[in-house]
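Per my numbering, the sequence shown starts with residue 2, numbered consecutively.
All residues carry an ideal CB built from backbone N, CA and C; glycine is no exception.
Here the structure is laid out as structure tokens; the discussion comes afterwards.
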Amino acid sequence: MKFRYVYITAIILGALFAPLLPWYYLALLVVVFLSILFFACINLSWNFFIPITCKAFTDEKMVALSFDDGPAMYTENILDTLKQNEVPATFFCIGKNITGKERTLARINDEGHIIGNHTYSHALWFDMGSAAKMMADMKDMNTLVKKTIGRKPLLFRPPYGVINPNLAAAIKGRKYTPIGWNIRSFDTRIKDKQKLLSRITGQLKPGSIILLHDSMEITAAILPELIKQIKSNGYKIVRLDKMLNINAYA
Ligand SMILES: [Zn+2]
């Protein structure tokens, strides 16, 4: 909706002022318009192209863990830690990573965690595709999950945290529930364990969705301490679908 308003406003302003103003004012208008679009694409919480759930609206001290990009090198290790601590999580898996790791995918489901769709390809150029191409990619992922656990994911996390009008259309077309986050751990960049821990725990709020990656060694390494610190701050760790009161599968 917001996208439509900005688009229409830009066209009206352009049409009104094009005959009156020098070209560089119009160029500035185009730059401002494109800048808004760019930042809207990389800020899921703006809800610019489509509403995206980035947190739960609650006063209850609870948070949800989410792991992107698996099944990966550290998924099993992370599953062990979650099991030992009786903590649920959501894994936004990549379809092409499932081949050879079907048992890990099944384990995620068997141990009471949720599997979400994070596309089949997670390709760098994913966001350049048409809505139809994106839908086909997302469907390929769901088909693989259905083959393994007998259910199709409804929760979708955009790769690279990027959204655009075509992806918004693909999400709507397939009736996915798009899920973002409000605590980005930066576990793919931060090398220092203490820094990573305090970055996450320093942002805890009721209803937070925490973004982590099961492809990262540091994430597997800090997880036991992270769970301990979240709990000692008085927070419960709950499953995303329960915290949001939504269906995780079709
Ligand atoms: Zn990803």
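Sequence-ordered residues whose beta carbon comes within less than 6 Å of a heavy atom of ligand 1:
D69, D70, H119, H123, P160
Looking at C-alpha atoms only, which residue of F127, P207, G151 is the closest neighbour of A171?
Reading the sequence shown from its first residue, position 170 is the one you call residue 171. Among F127, P207, G151, the Cα nearest to that of A171 belongs to F127.
Contact set for L156: own chain, Cβ-Cβ below 6 Å, skip 5 residues either direction:
Taking the first residue of the sequence shown as 1, we reach residue 156 at position 155. Once the five neighbours on either side are set aside, the close Cβ partners of L156 are G117, T178, I180, A249.
In chain order, what are the residue ranges of uninterrupted beta strand (DSSP E) at least 3 long that sit wholly in the region 75–136?
91–94, 115–118
Anyone know if the C-beta pair for T120 and I95 falls short of 8 Å?
Position 119 of the sequence shown, counted from the first residue, corresponds to residue 120. Position 94 of the sequence shown, counted from the first residue, corresponds to residue 95. Yes.
Tell me the rounded alpha-carbon separation between K192 and A19.
Within the sequence shown, residue 192 is the residue found at index 191, counting from 1. Within the sequence shown, residue 19 is the residue found at index 18, counting from 1. K192 and A19: Cα-Cα distance of roughly 51 Å.
For Y25, does the three-state DSSP call read helix, strand or coil?
What you label residue 25 is simply residue 24 of the sequence shown in a count that begins at 1. Of the three classes helix, strand and coil, the one that applies to Y25 here is helix, per DSSP.
Within 10 Å of its beta-carbon, does G151 have 16 or more other beta-carbons around it, so buried, or fewer, so exposed?
Along the sequence shown, read from residue 1 onward, the residue named residue 151 stands at position 150. Counting Cβ neighbours within 10 Å, G151 comes out exposed, since fewer than 16 surround it.
Using only alpha-carbon positions, find the residue among L212, A90, K97 that is nearest to I109.
Position 108 of the sequence shown, counted from the first residue, corresponds to residue 109. It is A90 whose Cα lies nearest to the Cα of I109.
Here's the rule: buried if 16 or more other CB atoms are within 10 angstroms of the residue's CB, otherwise exposed. What is M74?
On the sequence shown, residue 74 is found 73 positions in, with the first residue counted as 1. That one is exposed.
If you draw a straight line from the C-alpha of P207 to the C-alpha of D138, how long is it?
Residue numbering aside, residue 207 sits at position 206 when the sequence shown is read from its first letter. Residue numbering aside, residue 138 sits at position 137 when the sequence shown is read from its first letter. When rounded, the distance between both Cα atoms is 34 Å.
Note the first and the last residue of the continuous alpha helix (DSSP H) segment covering A169.
Counting from one through the sequence shown, the residue named residue 169 turns up at place 168. Counting along the chain, the alpha helix (DSSP H) containing A169 begins and ends at 166–174.
Rank I219, L145, T202 by C-alpha distance to the C-alpha of K62 and give the top, closest one.
Taking the first residue of the sequence shown as position 1, residue 62 is located at position 61. Of the candidates I219, L145, T202, the one whose C-alpha sits nearest the C-alpha of K62 is T202.
Would you mind stating whether I231 and L212 have Cβ atoms separated by less than 8 Å?
As a first step, residue 231 is located in the sequence shown; it is residue number 230 there, counting from the start. As a first step, residue 212 is located in the sequence shown; it is residue number 211 there, counting from the start. Result no, Cβ atoms of I231 and L212 do not sit closer than 8 Å.
Might you give, ordered along the chain, the residues of its own chain that have their beta carbon closer than 6 Å to the beta carbon of L145, omitting 5 neighbours on each side?
Along the sequence shown, one-based indexing puts residue 145 at 144. Hits under 6 Å: G96, I99.
In whole angstroms, give me the CA-to-CA distance for I13 and S186.
Within the sequence shown, residue 13 is the residue found at index 12, counting from 1. Within the sequence shown, residue 186 is the residue found at index 185, counting from 1. For I13 and S186, the distance between alpha carbons rounds to 41 Å.
Only counting the same chain, and skipping five residues up and downstream in sequence, which positions put a Cβ closer than 6 Å to that of G71?
For the purposes of this step, residue 71 is taken as residue 70 along the sequence shown, with counting starting at 1. Around G71: F92, C94, D215.
Run through the DSSP bridge pairs and tell me what Y250 is partnered with.
As a first step, residue 250 must be located in the sequence shown, where it is residue number 249. Bridge partners of Y250: P154.
If you count every other CB in all the chains shown that lies within 10 Å of the CB of A255, and 16 or more means buried, which is it?
Residue 255 lies beyond the residue range present for the chain, which begins at 2 and ends at 251; the question has no answer from this structure.
Distance check for T82 and E218, CA to CA, integer angstroms please.
One-based indexing of the sequence shown puts residue 218 at position 217. One-based indexing of the sequence shown puts residue 82 at position 81. Spanning the two alpha carbons is a distance of roughly 13 Å.
With distances taken Cα to Cα, identify the nearest neighbour of I247 among G235, L198, K176, E226.
Your numbering for residue 247 matches position 246 in the sequence shown. Of the listed residues, the one whose Cα sits closest to I247 is K176.
With respect to the beta strand (DSSP E) encompassing D69, which residues constitute its N-terminal and C-terminal limits?
Within the sequence shown, numbered from 1, the residue matching residue 69 stands at position 68. Looking at the DSSP string, the run of the beta strand (DSSP E) that includes D69 is 63–69.
Check whether L27 and A11 have beta carbons under 8 Å apart
Here the question's residue 27 lines up with position 26 in the sequence shown. Here the question's residue 11 lines up with position 10 in the sequence shown. Their beta carbons are not under 8 Å apart, which means L27 does not touch A11 by this criterion.
Reference A65, options D188, W182, I223, closest by Cα:
Position 64 of the sequence shown, counted from the start, is the residue given in the question as residue 65. Considering only alpha carbons, the answer is W182.
I think V7 touches I37, with their Cβ atoms under 8 Å apart; what is that distance to the nearest whole Å?
As a first step, residue 7 must be located in the sequence shown, where it is residue number 6. As a first step, residue 37 must be located in the sequence shown, where it is residue number 36. Between I37 and V7 the Cβ distance is about 6 Å, and since that is below 8 Å, they are a contact.
CA-CA distance, I238 and F34?
What you label residue 238 is simply residue 237 of the sequence shown in a count that begins at 1. What you label residue 34 is simply residue 33 of the sequence shown in a count that begins at 1. Each residue's Cα considered, the two are about 40 Å apart.
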